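Q: Protein chains in written order, with our numbering: chain A, 29 to 131; chain B, 14 to 695; chain C, 311 to 808; chain D, 307 to 800. Positions of the beta carbon are idealized from the N, C-alpha and C atoms, including for glycine. Being a predicted model, the structure only gives us computed values, none of them experimental.
Given below as structure tokens:
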């Protein structure tokens, strides 16, 4: 039961994350989507560890998730920094306005 | 003394090559050095001729004719032997003499005729190249060697026809400038050579050799070709070469324009020698085919069917051309053009002779008879036609024009020229005792006796026309009213006059030869013995040898009933001509503008053959070329491809929209599509 | 080491020429001449020293994967090609002295020139498929550059076109090379491109593969040879290139395609090539090329463009010899490379005189120059008559053998093919006499009254070519002996043919 | 000389190049640009270290964190080859940066991030399990986001970095998601265990998670390697980055995707090859063709080169496809050869363009017209790069493309061979056009700036290496072949 709910939740989070990154115009929301996606993926690891061992005894997913969270933190840090720069330069967070590079 | 066999053809080339250096010494040295090219060639040919008189070549170590002096392994081709050598037999030695001796006379004539011309160096070089090439043609021992000479004379002729390369209006013959005429001659003969070259290659690769003697002695090639059914085709292709070179129908249209060159050139190349190359080829090949025929007959292979097809074609072409050209000669308005037509016509006689000879291949005696007449006419024609051309050159030189309308009544001013030209004309018309009569009559005689009724008929009609146009020419040039042009010249104090000694001497020699050679040539009978050796018939029984040997020939000719017919033919032509042009009884202008107008314009326009050729071949090929060029080359597909590429590129770039959401959608779309694919595939 | 020494000389010579040209300017041409002559001397020595001369250097040797060596071989066929290439390029170098005297950037010119020569030389002496390709492409870049930099008219577009066409052909060649490589892996067990090893494949290639190989290589080499309809680049490239380069392009470079066809295509497609259907097809293709080029040449009004189309036509002859595929025809085809090289080089140099000395290149504005430049005119007539197939000039001998080869070809229509092929020579005579007449005969236009004879630096190479053409037209035996030896060896290597 | 373990040593050397810079940066007050020397020295040292016989001669393994991560790094033929490629390009890029970046601020950050990116690349090429790989991957990826947006005072880099970051970030996370599924299936992330699991046979329902994992990896690597349809960030990001970084990005960073694909995705694809076959063929064909078409009408030289990078990734895929479907080792060797030749060619091209930017301050091709007359050195470098990329001998591009076509033929992939050939021509067209506009037009912009020395040196090094490989292709083939052989056991059909 825990296993299914974990898996379901992780899939749902990934789906939400993907939805947000690919439909939202606001860069801030996209970054949040990215974070949700990361959470979903991390949750998936936990779920898999649960499936493999029937509990939380395998150290591998734990270690991975911890590391992944750190890396996510860095990623989001860079993303937020960029968001700041974007707002300063373009006075907007609407990514549809960032369309100078095309074709 | 093998060098003697080399001198006739090597020396003129040496002269041609070194002439520019000698020319630095001075004009006189240059001229006579150039003449020496022909002279040495002629003298050495003569020496060889004398040397070989008894069928033995003493200088060459007593070898028998025919003798093949092989000089070099020439072109290595795997499995075949191609050598270069000199073939000495009666035919080649005789031809070499004709070429070089007449050539020498004409060169001497040129010294005065071409005096002061700015391109004289070029003239001398080309003339020497011509004589050298012509000697290679007649002395070469193989088809390939002959082809070298064949094309060499073609080139020299091309250069000399277009000698007045600036295309000044005064040198135009007909509507064409000289350089155009040169091109026309070159290309027309090249078309004929296509056939000759094809045949040469086919024969070469079938037989493994191109040597004339080998071809005659090893007849397997003919059997082989006959078996694969291409013997007749090969021979007919080979015939194209002589047809082109000797200006026979249907490749005869180049010769009238070829008169654009200096007159000595016309005399030497387009009357006396080069155009004889086709006849020489026929003589040479008829001999080979004769041997081949009998050798194959012995082993039970009969090639009569193929040969008869070939020789019928030769006889037809010859007879028809004789008539065609003679008819055109009757209306020409330029003196050299008349002679050109006459040359074509006379060459037709020779073709007819060899055609008939070939058709008699099963009857050796008759064959030899007719064959001999062909050679006989060849030699006498060379002499009297050279004489006629050189005289015409004197006339043209004197009045600065070759148009009849600028002449008239010239006999008063240039009696010498008139008399020598009259000798030539009589020979051409076939009046005894000049050489033209004996030889032409021999052909007619043979045609009648051997039962070639149609050929006889056509040639007889042509003989009438010949008589007519010859005296028309004489009448228009030397008799009748003086033209305005001549009167003008007289008023200005430069009346037309006879030439200097350097031009007179060759004329005199040729005139004498015209008178004498008719009798002299048959005297060479024993000389021609080796030529007929191959016939395998005891020579005493051979009529040809008999007639060549003794004066009986002349007696029998004159006493034959055909003599009267022949005289009648000449009279039929000469008398009307005399009435109209010499005696002035009728005004020719009235005739041609009146009832005879359509015939006149038909003949004047050369039966419209020339126009037809230009329309179809020249314009046709040009139209084709232009069409191809404009359609395929100018409007190429490159531009279309470029546009397509660019528009494809522009379309492809639209993928990159610049919307982040779009980019993400591609990614997710790929994920979805791949998932769907798995559903389908797995 | 002699052949690699030659290559070093050419490449280092290129650098030396680059440095020397700063002082010498256009006169570096003499130096280039000396370098090329030295290479020819070395190659000659190598060939005479051991016939054939062989040189192998280890190259790519990865056990179990690829074993191929740098393999140079100078045999009779190669020697003939090298000789004509070196003759034409050496003389064109002297010609450049006069022709390029006012050109900018002359240093790069001579450097590119020698690299170009190195490419051609390497392509001929290579006995290894991929090494051949390497040099094959090495020819392309300098020639492209020289057309684009020193050419005439719309030179950049023309050079671009040249590059693209050639590249398209090369790419197909790569596929063919890949196929042969695959075959070598299958049959020999290791990837190799040494020809002696690859010739071992002959007889074990199935018909479908042979057909494919023939198709690919025919197009690949056909582009270089300008077989119709792959000729699109040639008329423009040859017409717009600087004249010394036109000389090389038309005189020798396009023939290297023919060389490739002989060396690399025929052996591997023997059965297909020799079959009746393909013989007909290839002979037909050759005749189309012959007539297409000739007819187009007839209506050209530009001196060099006429010659360019004539090159297409002549290439038809050479291809005819190769297409007929027998001893005589190949002998003729290869000898025609030699004779056409001499003559077309000569004629392009004449065209160069028109451009450089007279300053006019349209036939409409030329005329009557025979009196103004008699020497040039005589040399031009020799060249034109040679192309027209006049006996006594080298091209006649080769055409004669080509025609002979057509008669020996494996087709029932050989008489028809032969006749049509020979008819082509009448066409050559037509456009060559037009060429001569329009330039040297007719009336002299008033603008050309001041024209004088071409300078010696131009006349000497032209005279050299003309003399060689006549010498080897009258007495071709020395070269043909070498060629026969080469062909015998070649036929022995590929297991003989008809 | 081996200090600890070759794997550790290599990571140390590479890591030090990143770590030392901020330390030195504190010491050096002026002329910070010479910090680039650190990188140059580090990678020369790395090359020297790697080429030692006792390092080069055998396979080395390092397995830290046993029991926790069960992390594993291997120095075998495959990783040696890629480390070699990365190091060879890193040296000229560092040299080039010294001059090119001289006028920029934050040089310490620049060199540090470049160092980390290189460290990530070298680490991930040695990684033997998915998690280690992921860690190095993120190190490389995140530093590259920053480097793309390094000149954040301009519009273009910022926009490009945003797009790059979002796309690549999502891709990384998807990849991690795939890794989690693999973990769920196998229980270990070691590639040996994964391969054992896969080659043990996957049956029934289990195939769906395997497929999902493979797809997620394929997308994850695909965004980095930039093949169809995941390339969209690349034409924005590569031109926007500073030129040396463009050279790194196009030359080797996108090859990280290729590395991952080879080592971790190919076993999956190999197992399910009939399922993946249409996908791979479509991806390969469309990648090459579309990218080549798009490149033609570009007006920005760096963008043109970026599109050409995409096309060349397609070429590498040809090698993979042939390897999977018949050619085996030869296919892989061809792909790896092309990795090397493209890294050299594209690296040189971007560095040369960097030189052009340095003197002209314009990337528009119209401004480059006639450039060749004024700056022959730079132009010849660009020319050699373009010729190599378009596959002309005697340059490495020819040897690799040729081997690719050979391998495609050997595998019977005639369509792909044909497309490859056709695209070589398409590519040649725009390279040549660019070349022609640079060399044969009249100059448009007058510039008196001299090309600085380090910059020229960096170009010369690359030209020298390229010509050497071009004349002596065994240099490239033997290494690529070693790499392919090391990877062969991962494929069921060797």
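Any contact between the stretch 390-404 of chain B and the stretch 353-363 of chain B? By contact I mean 3 or more CB pairs, one from each, below 8 Å.
A: The stretch 390-404 of chain B vs the stretch 353-363 of chain B: in contact.
Q: Quick check: the stretch 366-378 of chain B against the stretch 338-357 of chain B, are at least 3 beta-carbon pairs closer than 8 Å?
A: No contact exists between the stretch 338-357 of chain B and the stretch 366-378 of chain B.
Q: Which residues bound the alpha helix (DSSP H) around residue 707 (chain C)?
A: Per DSSP, residue 707 (chain C) belongs to the alpha helix (DSSP H) from 704-718.
Q: Within the continuous beta strand (DSSP E) that includes residue 380 (chain C), where are the two ends?
A: That run of the beta strand (DSSP E) goes 376-384.
Q: For residue 372 (chain D), count the other beta carbons within 10 Å of its own beta carbon; 16 or more makes it buried, fewer makes it exposed. Which is it?
A: With fewer than 16 other Cβ atoms within 10 Å, it is exposed.
Q: Is it buried or exposed, residue 127 (chain B), if we count other Cβ atoms within 10 angstroms and call 16 or more buried?
A: So residue 127 (chain B) ends up on the buried side.
Q: Should the stretch 411-430 of chain C be called in touch with the stretch 513-526 of chain C, which here means at least 3 C-beta pairs below 8 Å?
A: No: the two stretches stay apart, fewer than three of their Cβ pairs being nearer than 8 Å.
Q: Mapping the DSSP letters down to three states, classify residue 425 (chain B) as helix, strand or coil.
A: Looking at residue 425 (chain B) - three-state DSSP - the assignment turns out to be helix.
Q: Based on DSSP bridge pairs, tell me the residues matched to residue 90 (chain B).
A: For residue 90 (chain B), which the question treats as bridged, DSSP gives the partners B:93.
Q: Using beta carbons (cut-off 8 Å, strictly below), is residue 403 (chain D) in contact with chain A?
A: No, its Cβ sits nowhere closer than 8 Å to a Cβ of chain A.
Q: Under a CB-based cut-off of 8 Å, is residue 687 (chain C) close to chain D?
A: Closer than 8 Å: no.
Q: I'd like the ranges of any alpha helix (DSSP H) spanning at least 4 consecutive residues and lying wholly in the stretch 78-144 of chain B.
A: As far as the stretch 78-144 of chain B is concerned, its whole alpha helix (DSSP H) runs of at least 4 residues are 103-126.
Q: Any Cβ of chain D within less than 8 Å of the Cβ of residue 679 (chain B)?
A: Yes, because at least one Cβ of chain D sits closer than 8 Å to the Cβ of residue 679 (chain B).
Q: Based on DSSP bridge pairs, tell me the residues matched to residue 10 (chain B).
A: Any property of residue 10 (chain B) remains undetermined from this structure, which presents chain B solely from 14 to 695.
Q: Under 8 Å, CB to CB, which of the residues in the stretch 190-204 of chain B have a partner in chain C?
A: Answer in chain order: 190, 192, 193, 195, 196, 199, 200, 203 and 204.
Q: Cβ of residue 376 (chain D) less than 8 Å from any chain G Cβ?
A: In the displayed structure, chain G is absent; the protein chains listed are A, B, C and D.
Q: Tell me whether the beta-carbon of residue 744 (chain D) lies closer than 8 Å to the beta-carbon of residue 788 (chain D).
A: Not closer than 8 Å, so no.
Q: Please report the residue range of the alpha helix (DSSP H) in which residue 371 (chain C) lies.
A: Taken as a continuous stretch (DSSP letters only), residue 371 (chain C) belongs to no alpha helix (DSSP H), being part of the beta strand (DSSP E) at 363-372.
Q: Within 10 Å of its beta-carbon, does residue 682 (chain B) have 16 or more other beta-carbons around it, so buried, or fewer, so exposed?
A: Exposed: under 16 other Cβ atoms inside 10 Å.
Q: Residues bridged to residue 366 (chain D) by DSSP?
A: Per DSSP, D:381.
Q: To the nearest angstrom, report how far apart residue 315 (chain C) and residue 503 (chain D) are at their CA atoms.
A: When rounded, the distance between both Cα atoms is 58 Å.
Q: Using a Cβ-Cβ cut-off of 8 Å, state whether residue 50 (chain A) counts as contacting chain B.
A: Residue 50 (chain A) counts as touching chain B.
Q: Any beta carbon of chain C sitting closer than 8 Å to that of residue 145 (chain B)?
A: No, its Cβ sits nowhere closer than 8 Å to a Cβ of chain C.
Q: Which class does residue 326 (chain D) belong to by DSSP, given the choice of helix, strand or coil?
A: Residue state, collapsed to three classes: helix.
Q: Leaving out five residues before and five after residue 520 (chain B) in sequence, what residues of the same chain have Cβ atoms less than 6 Å from its Cβ?
A: Result list for residue 520 (chain B): 403 and 433, in chain order.
Q: Can you check DSSP and say which residues form a bridge with residue 638 (chain C)?
A: Paired residues: none, contrary to the question.
Q: Short of 9 Å Cβ to Cβ, which residues in the stretch 425-451 of chain C face chain B?
A: So nothing in the stretch comes that close.
Q: Secondary structure at residue 177 (chain B), three-state DSSP: helix, strand or coil?
A: Three-state result, residue 177 (chain B): coil.
Q: List, in chain order, every chain C residue whose beta-carbon is nearer than 8 Å to that of residue 210 (chain B).
A: Within 8 Å Cβ-Cβ: 710, 713, 732 and 735.
Q: With a cut-off of 8 Å, do at least 3 Cβ pairs link the stretch 325-333 of chain D to the stretch 398-407 of chain D?
A: Too few Cβ pairs lie closer than 8 Å, so no.
Q: What ranges does the alpha helix (DSSP H) occupy inside the stretch 377-459 of chain B, keeping only unbroken runs of at least 4 residues that lie completely in it?
A: Entirely contained in the stretch 377-459 of chain B, the alpha helix (DSSP H) runs reaching 4 residues are, in chain order, 377-412 and 428-442.
Q: Using a Cβ-Cβ distance under 8 Å, would residue 466 (chain C) count as near chain D?
A: Yes, contact with chain D.
Q: Hey, is residue 393 (chain C)'s beta-carbon within less than 8 Å of any beta-carbon in chain D?
A: Cβ-Cβ to chain D under 8 Å: no for residue 393 (chain C).
Q: Under 7 Å between beta-carbons, which chain A residues line up against residue 670 (chain B)? List them in chain order, please.
A: 130, listed in chain order.
Q: According to DSSP, residue 496 (chain D) sits in a beta bridge with which residue or residues?
A: In DSSP, residue 496 (chain D) forms a bridge with D:435.
Q: State the CB to CB distance for the pair residue 568 (chain D) and residue 453 (chain D), rounded to an integer number of angstroms; the pair is presumed to be in contact (CB under 8 Å).
A: Between residue 453 (chain D) and residue 568 (chain D) the Cβ distance is about 25 Å, and since that is not below 8 Å, they are no contact.
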